[in-house]
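Take any residue in the sequence shown, count from 1 to its spot, add 1460: that is its number in the numbering used here.
Structure, as structure tokens:
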Amino acid sequence: MNYKVEIKGVRQDHQTGKFQAAIAVLVNKETSRGFLPGYFNSGEDAERFAIEIRNIHVEVPSGLSDRKAADFVCEQLCNIATSQKNSS
1461 MNYKVEIKGV
1471 RQDHQTGKFQ
1481 AAIAVLVNKE
1491 TSRGFLPGYF
1501 NSGEDAERFA
1511 IEIRNIHVEV
1521 PSGLSDRKAA
1531 DFVCEQLCNI
1541 ATSQKNSS
């Protein structure tokens, strides 16, 4: 796998104090370039999700461009966030 996901922090609602999303970026290990800065929504569980996602392995199919790999990982992480939210 040529990519890793780095968590840069969590987004927090300043009025309610609740965590809304994990802020993540996909990094190409070969070039060290970052792609897809984005929010992976997990509601109030965003802080927990940000911690848990560090240990998640997403297998990226070979032959994808960085952009396509970023889209693929985004979809996988959003699915994981949704399933974690629904299971809690």
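Every residue gets a Cβ at the ideal spot worked out from N, C-alpha and C, and that includes glycine.
Note that this is a predicted model, so its numbers are computed, not measured.
- Taking C-alpha positions only, Cys-1534 is separated from Gln-1472 by approximately 20 angstroms.
- Rounded to whole angstroms, Glu-1466 and Leu-1537 show a C-alpha spacing of 12 angstroms.
- Taking C-beta separations shorter than 8 angstroms and ignoring five residues to either side along the sequence, the partners of Leu-1524 in its chain run Phe-1532, following chain order.
- Nearest to Glu-1490 by alpha-carbon distance, out of Thr-1476, Lys-1464 and Lys-1528, is Lys-1464.
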